[in-house]
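Colleague: Residue numbers (the numbering used here), protein chains in the order written: chain H, 55 to 193; chain C, 55 to 193; chain E, 55 to 193; chain V, 55 to 193.
Number of protein chains: 4
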Amino acid sequence: MTDYSYKIEMSVRDYELDMQGIVNNSVYQQYLEHARHEFLLSIGVNFKAYADMGINLVVIRAELDYKQPLTSGDRFWVGVRLERESAARFAFYQDIFRCKDDRLMLRGKVIGTALNERGRPRIPEELAALLQGKNLRHE
Amino acid sequence: MTDYSYKIEMSVRDYELDMQGIVNNSVYQQYLEHARHEFLLSIGVNFKAYADMGINLVVIRAELDYKQPLTSGDRFWVGVRLERESAARFAFYQDIFRCKDDRLMLRGKVIGTALNERGRPRIPEELAALLQGKNLRHE
Amino acid sequence: MTDYSYKIEMSVRDYELDMQGIVNNSVYQQYLEHARHEFLLSIGVNFKAYADMGINLVVIRAELDYKQPLTSGDRFWVGVRLERESAARFAFYQDIFRCKDDRLMLRGKVIGTALNERGRPRIPEELAALLQGKNLRHE
Amino acid sequence: MTDYSYKIEMSVRDYELDMQGIVNNSVYQQYLEHARHEFLLSIGVNFKAYADMGINLVVIRAELDYKQPLTSGDRFWVGVRLERESAARFAFYQDIFRCKDDRLMLRGKVIGTALNERGRPRIPEELAALLQGKNLRHE
Numbered sequence: 055m056t057d058y059s060y061k062i063e064m065s066v067r068d069y070e071l072d073m074q075g076i077v078n079n080s081v082y083q084q085y086l087e088h089a090r091h092e093f094l095l096s097i098g099v100n101f102k103a104y105a106d107m108g109i110n111l112v113v114i115r116a117e118l119d120y121k122q123p124l125t126s127g128d129r130f131w132v133g134v135r136l137e138r139e140s141a142a143r144f145a146f147y148q149d150i151f152r153c154k155d156d157r158l159m160l161r162g163k164v165i166g167t168a169l170n171e172r173g174r175p176r177i178p179e180e181l182a183a184l185l186q187g188k189n190l191r192h193e
Numbered sequence: 055m056t057d058y059s060y061k062i063e064m065s066v067r068d069y070e071l072d073m074q075g076i077v078n079n080s081v082y083q084q085y086l087e088h089a090r091h092e093f094l095l096s097i098g099v100n101f102k103a104y105a106d107m108g109i110n111l112v113v114i115r116a117e118l119d120y121k122q123p124l125t126s127g128d129r130f131w132v133g134v135r136l137e138r139e140s141a142a143r144f145a146f147y148q149d150i151f152r153c154k155d156d157r158l159m160l161r162g163k164v165i166g167t168a169l170n171e172r173g174r175p176r177i178p179e180e181l182a183a184l185l186q187g188k189n190l191r192h193e
Numbered sequence: 055m056t057d058y059s060y061k062i063e064m065s066v067r068d069y070e071l072d073m074q075g076i077v078n079n080s081v082y083q084q085y086l087e088h089a090r091h092e093f094l095l096s097i098g099v100n101f102k103a104y105a106d107m108g109i110n111l112v113v114i115r116a117e118l119d120y121k122q123p124l125t126s127g128d129r130f131w132v133g134v135r136l137e138r139e140s141a142a143r144f145a146f147y148q149d150i151f152r153c154k155d156d157r158l159m160l161r162g163k164v165i166g167t168a169l170n171e172r173g174r175p176r177i178p179e180e181l182a183a184l185l186q187g188k189n190l191r192h193e
Numbered sequence: 055m056t057d058y059s060y061k062i063e064m065s066v067r068d069y070e071l072d073m074q075g076i077v078n079n080s081v082y083q084q085y086l087e088h089a090r091h092e093f094l095l096s097i098g099v100n101f102k103a104y105a106d107m108g109i110n111l112v113v114i115r116a117e118l119d120y121k122q123p124l125t126s127g128d129r130f131w132v133g134v135r136l137e138r139e140s141a142a143r144f145a146f147y148q149d150i151f152r153c154k155d156d157r158l159m160l161r162g163k164v165i166g167t168a169l170n171e172r173g174r175p176r177i178p179e180e181l182a183a184l185l186q187g188k189n190l191r192h193e
């Protein structure tokens with residue numbers, strides 16, 4: 055269990071299960087998105103407020119390693135760690151653990167950027183400072 | 055545009071858009087899953103029939119490169135190419151193109167395996183033969 | 055099978071099934087929404103264009119009678135009929151039939167209105183005319 | 055605010071919003087389903103365990119009145135009340151309130167039944183007793 059900047063606990067909901075009786079693959083990205091947005095909110099970055107200003111935080115790459123499936127009744131937590139990748143890219147390292155035994159269920163890396171109103175990748179200074187501050191505080 | 059073994063055309067549905075007015079990240083995995091299942095069906099592998107027999111085809115890794123966002127009204131096609139990765143793993147190369155200009159929207163690689171009733175990775179001979187036949191026919 | 059103004063054919067996708075191996079309850083509303091938007095488009099009303107103008111077409115009531123469950127591999131069609139309910143309300147009668155036997159799977163009634171930028175229910179004249187025209191043409 | 059047998063608090067997740075920036079219509083049924091399953095669990099009825107035994111609890115009718123839209127950042131609670139409707143039917147009265155002002159956002163009534171392995175509606179005695187007990191205790 056790496057050192058995470060942020061953790062959030064959630065529960066599996068039965069409608070997230072597919073015919074195999076386990077959480078559907080696509081749902082983990084929803085978990086990760088919710089964890090990212092809550093994490094961003096915790097450092098003062100409001101995803102929706104940015105979207106309303108025409109600055110869209112978008113995912114450009116996702117890597118997901120499915121280790122063990124979550125199923126009905128499971129509680130789990132998502133750990134989030136943020137790293138600057140380049141001038142215009144940042145990486146969220148996000149792992150999902152089952153609460154009852156802290157077992158690793160999914161390991162994820164999600165790379166994002168910010169697009170301005172003309173669709174050009176550009177991280178606003180305000181956001182960059184927050185990301186920078188986050189890194190300074192946590193690493 | 056690589057040579058694909060299978061192509062399927064689909065339409066964006068408005069409920070798949072998020073507050074940014076573009077298809078939500080997690081939805082692309084749903085598109086890819088549907089394309090994989092239809093492709094498998096076309097080569098005689100019925101995902102649900104296998105699940106009912108206790109053989110679960112599962113995803114163990116997904117890599118998704120988001121190139122351009124799909125939005126309301128877009129039609130798109132998913133190209134699928136299958137490769138054997140190892141004794142127990144196969145890789146689906148799956149790319150999404152917008153129909154109106156054949157522009158690449160997402161490049162994906164999804165690695166799967168088959169789990170028997172005891173949760174052990176093992177591709178049934180029947181499936182292996184089909185996969186092998188697929189490779190022989192198409193490459 | 056009532057007389058519908060519009061019909062659209064769709065396929066069940068495996069990720070829409072839940073642990074019972076049937077399409078999850080909430081998914082039918084997604085089918086109905088997609089059918090409504092395609093129907094509206096066919097009469098010249100673009101849901102997204104209206105949303106971009108600050109006019110939000112919203113659902114205020116839904117009644118859904120689940121007759122038989124759709125499952126993996128099913129193709130189905132949605133029939134849509136529109137009726138003006140009052141000055142500010144219109145009703146979509148929407149039924150879902152399985153293609154292979156035209157069996158009724160779901161009977162739905164969805165009541166909508168349009169909200170202007172201040173959140174007040176008000177159907178724009180342009181839309182009212184279209185709705186009116188629709189009724190005149192079809193009933 | 056009626057008297058509810060069960061309450062559960064949840065948060066809106068950003069991926070649940072659609073292009074209008076509000077929670078999509080179909081998502082409320084997911085909220086209601088999760089609340090029902092948690093409620094059932096609290097009275098000893100495990101939806102998944104029943105499904106595994108071949109007894110499927112299914113929805114046969116849903117009525118949803120959308121009062122106000124939930125949006126990004128909202129916390130809300132779902133109140134649940136159960137009533138026996140007939141020999142084979144039970145009704146869940148489920149309402150959604152926004153936490154910050156206890157404002158009613160959605161009023162729902164969901165009618166369910168239980169289907170045995172042959173697809174016949176029949177509420178198992180065990181479940182009937184629990185439902186009965188629930189009613190006796192709460193009304």
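Quick reminder that beta carbons are idealized off the backbone N, C-alpha and C, glycines included.
1) When you check each C-beta in the region 69-86 of chain C against every C-beta of chain V, which residues fall closer than 7 Å?
2) Sorted by chain position, which residues of the same chain lie with C-beta nearer than 6 Å to F93(E)'s C-beta, five sequence neighbours on each side aside?
3) Excluding the 5 residues flanking I144(C) on each side, which residues of the same chain have their C-beta closer than 8 Å to its C-beta?
4) Got a sec: does the ligand ZN put a non-hydrogen atom nearer than 7 Å to the Cβ of S96(V)?
5) Which bits of chain V does S126(H) rub up against, with CB to CB less than 7 Å?
6) Is E179(E) close to chain V, meaning its C-beta is less than 8 Å from at least one C-beta of that chain?
7) Answer yes or no: does any C-beta atom of chain C fall closer than 8 Å to that of S65(V)?
8) According to DSSP, is D72(E) helix, strand or coil?
9) Rank M64(V), I97(V), P175(V) and V81(V) by C-alpha distance to the C-alpha of S140(V) and give the top, closest one.
10) Are the CB atoms of K121(E) and L86(E) within a distance shorter than 8 Å?
11) Taking its Cβ as the centre, do 16 or more other Cβ atoms sit within 10 Å of M107(H), making it buried, or is it exposed?
12) Grab the span of the beta strand (DSSP E) containing L160(H) for me, first residue to last.
13) Could you tell me whether the Cβ of G173(V) comes closer than 8 Å to any Cβ of chain C?
14) Does the region 73-81 of chain H come within contact of the region 63-83 of chain C, defined as at least 3 CB pairs closer than 8 Å?
15) What separation, rounded to the nearest whole angstrom, lies between the Cα atoms of M73(V) and C153(C)?
16) Sort D119(H), I114(H) and R67(H) by Cα distance to A142(H) and report the nearest one.
17) Considering only the beta carbon of each residue, do E63(V) and R129(V) sit closer than 8 Å?
18) Helix, strand or coil, according to DSSP, for K102(V) in the structure here?
19) Quick one: list the residues of chain E neighbouring L99(V), beta-carbon separation under 8 Å, in chain order.
20) Have a look at the DSSP bridge pairing and note the partners of R152(E).
21) With a 10 Å radius around its C-beta and 16 neighbouring C-beta atoms as the bar for buried, classify E70(C) as buried or exposed.
22) Start and end of the alpha helix (DSSP H) containing Y58(E)?
23) Would you say N170(V) reaches chain E, if we count a Cβ-Cβ gap shorter than 8 Å as a contact?
24) What do you get for R90(H), buried or exposed, if any count of 16 or more other CB atoms within 10 angstroms of its CB means buried?
25) With DSSP as the reference, label N110(H) as helix, strand or coil.
26) Going along chain V in order, which residues have a C-beta closer than 7 Å to the C-beta of E117(E)?
27) Should S126(V) go down as buried or exposed, given a rule of 16 or more other Cβ atoms within 10 Å for buried?
28) Bridge partners of Q136(E), per DSSP?
29) Output yes if chain C places a C-beta closer than 8 Å to the C-beta of I114(H); else output no.
30) Could you tell me which chain H residues have their CB closer than 7 Å to the CB of A142(C), listed as they occur along the chain?
31) Here's the rule I'm using: 16 or more other beta-carbon atoms within 10 Å means buried, otherwise exposed. How should D57(C) be labelled?
32) Expressed to the nearest angstrom, what Euclidean distance is found between the alpha-carbon atoms of L95(C) and F101(C)?
33) Who are the neighbours of A105(C) on chain H, taking C-beta pairs under 7 Å?
34) Let's test the definition: count the other Cβ atoms within 10 Å of the Cβ of G98(C) and tell me whether it reaches 16, buried, or not, exposed.
35) Can you tell me whether L95(H) is helix, strand or coil according to DSSP?
Modeller: Well, looking at it:
1) In summary, the residues of the region 69-86 of chain C whose CB is separated from some CB of chain V by less than 7 Å are Y69, L71, D72, M73, G75, N78 and S80, in the order they occur in the chain.
2) Taking the third sequence and counting its residues from 1, the one referred to as residue 93(E) is at position 39. Y60 and V134.
3) Working through the second sequence from its first residue, we reach residue 144(C) at position 90. Residue 144(C) is actually Phe in this sequence, not Ile. Annotation for F144(C): L136, E137, R138, I165, G166, T167, I177 and L185 place their beta carbon closer than 8 Å to its own, counting only its chain and skipping 5 residues before and after.
4) For the structure depicted, the ligand ZN is absent and the ligand set is empty, with no information on it obtainable.
5) Here the question's residue 126(H) lines up with position 72 in the first sequence. Those are K102, listed as they occur along chain V.
6) Walking along the third sequence from the start, residue 179(E) turns up at place 125. No - not a single Cβ of chain V is within 8 Å of the one on E179(E).
7) Mapped onto the fourth sequence, residue 65(V) falls at position 11. It does not; no Cβ of chain C falls within 8 Å.
8) Numbered from its first residue, the third sequence carries residue 72(E) at position 18. D72(E) falls in the coil class under three-state DSSP.
9) The count along the fourth sequence starts at 1 and reaches residue 140(V) at position 86. Looking at the Cα atoms, P175(V) is the closest of the given residues.
10) Position 32 of the third sequence, counted from the start, is the residue given in the question as residue 86(E). Position 67 of the third sequence, counted from the start, is the residue given in the question as residue 121(E). Cβ atoms of L86(E) and K121(E): not closer than 8 Å.
11) Residue 107(H) sits at position 53 when you count from the first residue of the first sequence. By the 10 Å Cβ count, M107(H) comes out exposed.
12) The sequence position of residue 160(H) within the first sequence is 106, counting from 1. Where L160(H) is concerned, the enclosing beta strand (DSSP E) stretches over R157 to L169.
13) Start at 1 with the first residue of the fourth sequence, and residue 173(V) comes out as number 119. By this cut-off, G173(V) is not an interface position.
14) yes
15) Indexing the fourth sequence from 1 puts residue 73(V) at position 19. Indexing the second sequence from 1 puts residue 153(C) at position 99. Cα to Cα, M73(V) sits roughly 22 Å from C153(C).
16) Taking the first sequence and counting its residues from 1, one reaches residue 142(H) at position 88. Cα-wise, what sits closest to A142(H) is I114(H).
17) Translated into positions along the fourth sequence, residue 63(V) becomes position 9. Translated into positions along the fourth sequence, residue 129(V) becomes position 75. Contact: yes.
18) Position 48 of the fourth sequence, counted from the start, is the residue given in the question as residue 102(V). In the structure shown, K102(V) sits in a helix (DSSP, three-state: H, G or I).
19) As a position in the fourth sequence, residue 99(V) is number 45, starting the count at 1. Residue identity check: residue 99(V) is Val in the sequence provided, not Leu. Simply none; closest approach about 15 Å.
20) Indexing the third sequence from 1 puts residue 152(E) at position 98. Partner(s): F130(E) and R157(E).
21) One-based indexing of the second sequence puts residue 70(C) at position 16. By the 10 Å Cβ count, E70(C) comes out buried.
22) As a position in the third sequence, residue 58(E) is number 4, starting the count at 1. Y58(E) -> no alpha helix (DSSP H), and no H or E assigned at all.
23) For the purposes of this step, residue 170(V) is identified with residue 116 of the fourth sequence, where counting begins at 1. Under the Cβ distance rule, N170(V) does not count among the residues neighbouring chain E, no pair being separated by less than 8 Å.
24) Position 36 of the first sequence, counted from the first residue, corresponds to residue 90(H). Buried, by the Cβ-count rule.
25) Counting from 1 along the first sequence, the entry for residue 110(H) is found at position 56. Three-state result, N110(H): strand.
26) As a first step, residue 117(E) must be located in the third sequence, where it is residue number 63. Simply E117.
27) For this step, residue 126(V) is matched to residue 72 along the fourth sequence. Buried, since its Cβ has 16 or more Cβ neighbours within 10 Å.
28) Start at 1 with the first residue of the third sequence, and residue 136(E) comes out as number 82. Here residue 136(E) turns out to be Leu, not Gln, going by the sequence shown. For L136(E), which the question treats as bridged, DSSP gives the partners F146(E).
29) Working through the first sequence from its first residue, we reach residue 114(H) at position 60. Yes, contact with chain C.
30) Position 88 of the second sequence, counting from 1, holds the residue named residue 142(C). Simply none; closest approach about 14 Å.
31) Sequence index remark: in the second sequence, residue 57(C) carries index 3 (1-based). D57(C) comes out exposed.
32) By one-based count along the second sequence, residue 95(C) stands at place 41. By one-based count along the second sequence, residue 101(C) stands at place 47. Rounded to whole angstroms, L95(C) to F101(C) spans 8 Å at the Cα level.
33) Taking the second sequence and counting its residues from 1, the one referred to as residue 105(C) is at position 51. M73 and Q74, listed in chain order.
34) Along the second sequence, read from residue 1 onward, the residue named residue 98(C) stands at position 44. Result: exposed.
35) For the purposes of this step, residue 95(H) is taken as the residue at position 41 of the first sequence. In the structure shown, L95(H) sits in a helix (DSSP, three-state: H, G or I).
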